[in-house]
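Just so it is clear: in the sequence shown, position 58 is 58 by this note's numbering, and no numbers are missing.
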Amino acid sequence: MAVVFFRHGAVAVLTLAVVAILAAWAAGAVTLSLAEIVLGALLFYGSEYLMHRFAFHAKPAPWAFMRKMQHRLHYDHHVEPSRLDLLFLPLWFLAPNLLVTAGLVALLLGGAAVAPVMLGVMLAILHYEWVHYIAHIPYQPRTAFGRWLKQYHLRHHFISERHWFGVSNPSLDVAFGTYANVSEVERSGTTRKLHL
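See the structure below:
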């Protein structure tokens, strides 16, 4: 299970980048601040919700190239939620986003903040990818919270695509009104056919 997870290109690259930052810290080349690591994680969790709700579920773009990207990034994942090749964020999407984020961190917080903030971002992405992976494979998490989180995400795929956008952190669903009790949500006929 873990071997399949870490063998995925983007996960492997993220893991290597995390190890590189930790090695640089151990060698004294960078300093790591817990507050900046937490800031990076919070930045990702916010973007996870916002990207999922407003970008990945956006109406189809008028340009064929953009529609193809929308399908690969998310629409096709709803059509075939168990396909692992559609599950993970593709490296061609993730790498430029990480570079832009690092550039913005350097610009806004200074160069010394890049390593700790990006460490937080990448650890949060790895957490997101793991939770998402576990939600879509035939594995029953050992903890009650893990089982709840898996069911939480699967509601988004099999009950209503208009709720439960937080994959690894459902708190923003509560804050933005997209959390709902299952008993209060009418089953959607379009969870597998986003904008098709």
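Positions of the beta carbon are idealized from the N, C-alpha and C atoms, including for glycine.
**Report entry** Inter-stretch contact at 8 Å, needing at least 3 Cβ pairs: the region 108-116 / the region 133-145
**Finding:** No, because fewer than three Cβ pairs between the region 108-116 and the region 133-145 fall closer than 8 Å, the two stretches do not touch.
Query raised in the report: Would you say Y49 and L194 are within 7 Å of each other, going by their C-beta atoms?
Result: By one-based count along the sequence shown, residue 49 stands at place 49. By one-based count along the sequence shown, residue 194 stands at place 194. Not closer than 7 Å, so no.
Query raised in the report: Whose C-beta lies closer than 6 Å to the C-beta of L94 among residues of the same chain, with five residues either side of it excluded?
Result: On the sequence shown, residue 94 is found 94 positions in, with the first residue counted as 1. Within the same chain, L94 has close Cβ partners A10.
Requested in this report: Could you spell out the range, first to last residue, of the alpha helix (DSSP H) harbouring M118?
Outcome: Residue mapping note: residue 118 aligns to position 118 of the sequence shown, counting from 1. Counting along the chain, the alpha helix (DSSP H) containing M118 begins and ends at 114-136.
Report task. Closer than 6 Å by C-beta to I21: which residues in its own chain qualify, once you throw out the five before and the five after it? Chain order, please. Result -> Translated into the one-based positions of the sequence shown, residue 21 becomes position 21. Closer than 6 Å at the Cβ level, and outside the excluded window around I21, lie A115, L119.
Report task. Please list the segments of the alpha helix (DSSP H) lying wholly inside the region 151-176, counting only runs of 4 or more residues, in order along the chain. Result -> Fully enclosed alpha helix (DSSP H) runs of 4 or longer: 171-176.
Query raised in the report: Comparing alpha-carbon positions, which option in A26, E36, Y45 lies nearest S168?
Result: Sequence index remark: in the sequence shown, residue 168 carries index 168 (1-based). Ranking A26, E36, Y45 by Cα distance to S168 puts Y45 first.
Query - Start-end ranges of the alpha helix (DSSP H) lying completely within the region 29-93, minimum 4 residues - result: If you keep only unbroken alpha helix (DSSP H) runs of at least 4 residues inside the region 29-93, you get 34-50, 64-70, 76-79.
Requested in this report: Helix, strand or coil for L99, going by three-state DSSP, please let me know.
Outcome: The sequence position of residue 99 within the sequence shown is 99, counting from 1. When DSSP states are grouped into helix, strand and coil, L99 belongs to the helix group.
Query raised in the report: Alpha carbon to alpha carbon, what distance is there between I159 and S82?
Result: Stepping through the sequence shown from its first residue, residue 82 is reached at position 82. Stepping through the sequence shown from its first residue, residue 159 is reached at position 159. Each residue's alpha carbon lies about 16 Å from the other.
Query raised in the report: So does the region 180-188 actually touch the region 57-72, counting three or more Cβ pairs closer than 8 Å?
Result: The region 180-188 makes no contact with the region 57-72: fewer than 3 CB pairs, one atom from each, lie closer than 8 Å.
Query raised in the report: What is the DSSP secondary structure of A180, reduced to helix, strand or coil?
Result: In the sequence shown, counting from the first residue as 1, residue 180 sits at position 180. Three-state result, A180: coil.
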